[in-house]
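A quick write-up on the structure given underneath.
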Amino acid sequence: MTILSDIEIANQVEMLPIKEVANKLGIPEDSLSLYGNYKAKINVSKLNDLEDTNRGKLILVTAITPTPAGEGKTTTSVGLVDALSKIDKKAAIALREPSLGPVFGVKGGAAGGGYAQVVPMEDINLHFTGDFHAIGAANNLLAAMLDNHIHQGNALGIDSRRITWKRVVDMNDRQLRHVVDGLQGRVNGVPREDGFDITVASEIMAVLCLANNITDLKEKLSQIIIGYSFEGKPVTAKDLKAEGVMTALLKEAIQPNIVQTLEHSPAFIHGGPFANIAHGCNSVLATKLALKYADYAVTEAGFGADLGAEKFVDIKCRLANLSPDAVVLVATIRALKMHGGMKKADLANESVDAVIKGLPNLEKHLSNIQEVYGMPVVVAINKFPTDTEAELEAVKKACQQRNVDVALSDVWANGGAGGVDLANKVIELTERQSNFSFVYEGTDSIEEKLTKIVQKVYGGKGVELAPVARKELAELEKLGFGEYPICMAKTQYSFSDDATLLGAPTDFTVKIRNLRVSAGAGFIVALTGAVMTMPGLPKSPAAERIDVDSEGNISGLF
4 MTILSDIEIA NQVEMLPIKE VANKLGIPED SLSLYGNYKA KINVSKLNDL
54 EDTNRGKLIL VTAITPTPAG EGKTTTSVGL VDALSKIDKK AAIALREPSL
104 GPVFGVKGGA AGGGYAQVVP MEDINLHFTG DFHAIGAANN LLAAMLDNHI
154 HQGNALGIDS RRITWKRVVD MNDRQLRHVV DGLQGRVNGV PREDGFDITV
204 ASEIMAVLCL ANNITDLKEK LSQIIIGYSF EGKPVTAKDL KAEGVMTALL
254 KEAIQPNIVQ TLEHSPAFIH GGPFANIAHG CNSVLATKLA LKYADYAVTE
304 AGFGADLGAE KFVDIKCRLA NLSPDAVVLV ATIRALKMHG GMKKADLANE
354 SVDAVIKGLP NLEKHLSNIQ EVYGMPVVVA INKFPTDTEA ELEAVKKACQ
404 QRNVDVALSD VWANGGAGGV DLANKVIELT ERQSNFSFVY EGTDSIEEKL
454 TKIVQKVYGG KGVELAPVAR KELAELEKLG FGEYPICMAK TQYSFSDDAT
504 LLGAPTDFTV KIRNLRVSAG AGFIVALTGA VMTMPGLPKS PAAERIDVDS
554 EGNISGLF
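If you're matching positions, the sequence shown starts at 4 in our numbering and goes up one per residue.
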């Protein structure tokens, strides 16, 4: 049997005109700005108030701690919305847009996989509607205005040694992490140390995804801190008179995009903040659109439930007044075996013992979702051909002990039909009582928030602040940022800040090396371990296998 690639599967499907897909939800045609026949932007200013209290059910899809074996969270999300549609429920999905960096690196695209994809997948994974380009342009314009201000006399007294704003490019390019610019004489600017981040790590990306409308966007952009003066005072985008022009560059990008799944379910794909350095969720506007126009809105958060789901709860839900009605925790037998100590090369072999040894990771995530976040949860086992009945039974038994239902998800191979059992369990779950709760209170101190995240969510002893982080903490509280939520920037591969500690480690301390404020986005970033804001390409990047034929057909995307 020939196994088709993701892009080959996508190219076999005849898409519906996007106007028909939007019409399924009752979205008026005059609010659509068409980008060809199969994708469009939605002008939310032409719609009624998105804060309508008569909203659909919000379903958050998250996962166990990621492994190189893969978990299939986006594939499960897409398959779930198709399954809901298949059983005649009015459903929509809201996801992040993929970044070109991972597309050309190791991870590949972020449009699902197999027979559970959003399309047109090649457009979505590449330039799409140009949102990331607009965000990069706004980011780099602010950088240009900053350096020009210094070059033209520096009336604001900006200390070039304390500039925090970097330029961005939507590419994995380690060569740009640390640079020196402004060389070759006075006419070329003021020499200083500088660096680049990947576009998805730009604070502007986070701002766009948390803005409620274009006015709110401009206000948030104005509050971005680009550095500090010689007196130690923060200098903002508003001080540089940059918020208006940045908003002008982003006036189309803030409008959510609508596309479709392979089975023609409506899909809002909008925004893509880095899941380490930012909150890793699609835009508030896209989520609220899905909630307003669908009875069931499926969304997801980056990485595992300790990282992405915690930020979804403590940042996105807190700032946007949202609360999920149900959670789907995605797991695979393969990933559990890796958490149980099995090598990736051996994962095709049955080992109930390795599954059992890996179950503490699943159980810790379930404990967090049920007892810390206070939400009802179902486990979705993303099916692989190598899974055995004995291995599956071990997972089901562990979940039954926690009174958690389990559904076998076969959406990669069978699309929505492979997720009907999961969809029915999710519908039942949304009718249960939710005791939604934040991990910490907004009035907690910065150190109290950090400690609660580590102790309650990660299972560690607490935090250890480096001397520089301790100094930054005092400064942030002095400047009035003490009540901001925390955005933990740590490895996605472990509950701890050490990527080698798999399973559910305990008795560890998370070391905070820096604390930075994203004043526009409205959160404090706590940097741990060796988290980077500009990734690099692997030895054999996916880019080497992407090609296009004489008729313009792209191959190699996944």
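Yeah, the Cβ is synthetic: ideal placement off N, Cα and C, and Gly gets one too.
All values reported here derive from a predicted model rather than from experimental measurement.
Reduced DSSP category for residue i - H, G, I as helix; E, B as strand; rest coil
i: M249; result: helix
i: M491; result: strand
i: K49; result: helix
i: Q155; result: coil
i: P71; result: coil
i: G307; result: coil
i: F315; result: helix
i: E465; result: It should be pointed out that residue 465 corresponds to Gly in this sequence rather than to Glu. Looking at G465 - three-state DSSP - the assignment turns out to be strand.
i: T239; result: strand
i: L19; result: coil
i: S499; result: coil
i: Q404; result: helix
i: V171; result: strand
i: K514; result: strand
i: T446; result: coil
i: I90; result: coil
i: L530; result: strand
i: G82; result: helix
i: N260; result: strand
i: R180; result: coil
i: D390; result: coil
i: V193; result: coil
i: R473; result: helix
Strand pairing of residue i, partner residues [DSSP]
i: I62; result: V301, A329
i: S36; result: K44
i: I6; result: Partner(s): none; I6 has no beta bridge.
i: I456; result: None, per the DSSP bridge assignment.
i: Y231; result: P237
i: A199; result: It is worth fixing the name first, because residue 199 is Phe in this sequence and not Ala. Paired residue(s): R170.
i: N385; result: S412
i: D550; result: S558
i: L98; result: I272
i: A334; result: I384
i: Q120; result: G115
i: I207; result: I207 is not bridged to any residue.
C-alpha gap between residue i and residue j, whole angstroms
i: Q187; j: A304; result: 45 Å
i: E32; j: T68; result: 41 Å
i: N51; j: L28; result: 14 Å
i: P237; j: L149; result: 13 Å
i: E23; j: A113; result: 24 Å
i: G275; j: A209; result: 8 Å
i: G506; j: G445; result: 30 Å
i: N157; j: H136; result: 29 Å
i: G523; j: N364; result: 35 Å
i: F561; j: L265; result: 15 Å
i: A2; j: G307; result: Absent from the structure is residue 2, since the part of the chain shown begins at 4 and ends at 561.
i: S440; j: V407; result: 19 Å
i: A357; j: M341; result: 8 Å
i: S448; j: G485; result: 6 Å
i: K93; j: V381; result: 21 Å
i: D184; j: D173; result: 20 Å
i: G465; j: K360; result: 25 Å
i: A492; j: V460; result: 14 Å
Beta-carbon proximity of residue i to residue j, cut-off 7 Å
i: H152; j: G192; result: no
i: Y231; j: D134; result: no
i: T536; j: A204; result: yes
i: V429; j: I90; result: no
i: G311; j: A119; result: no
i: V171; j: G198; result: no
i: S225; j: A214; result: no
i: L432; j: P379; result: yes
i: N285; j: R99; result: yes
i: D424; j: A401; result: no
i: Y41; j: P105; result: no
i: V287; j: A323; result: yes
i: L530; j: N175; result: no
heavy atom of the ligand COA below 6 Å from residue i C-beta
i: D349; result: In the structure shown, the ligand COA is absent, as is every other ligand, since no ligand is present at all.
(request) Kindly confirm or deny that the stretch 253-260 and the stretch 78-89 touch, where touching means at least three C-beta pairs closer than 8 Å. (result) Taking 8 Å as the limit for Cβ pairs, the verdict is that the stretch 78-89 does not touch the stretch 253-260.
(request) Specify whether the stretch 407-415 and the stretch 458-476 touch according to this definition: at least 3 beta carbon pairs, one from each stretch, less than 8 Å apart. (result) Short answer: they don't touch.
(message) Quick check: the stretch 113-126 against the stretch 303-321, are at least 3 beta-carbon pairs closer than 8 Å?
(response) In short, these stretches do not touch, since the Cβ pair count stays below three.
(request) Spell out a yes or no on whether the stretch 347-359 and the stretch 512-523 are touching, meaning 3 or more CB-CB pairs, one atom from each, closer than 8 Å. (result) Result no; under three Cβ-Cβ pairs closer than 8 Å.
(request) Answer yes if the stretch 328-340 comes into contact with the stretch 453-467, meaning at least three C-beta pairs across the two stretches below 8 Å, and no otherwise. (result) no
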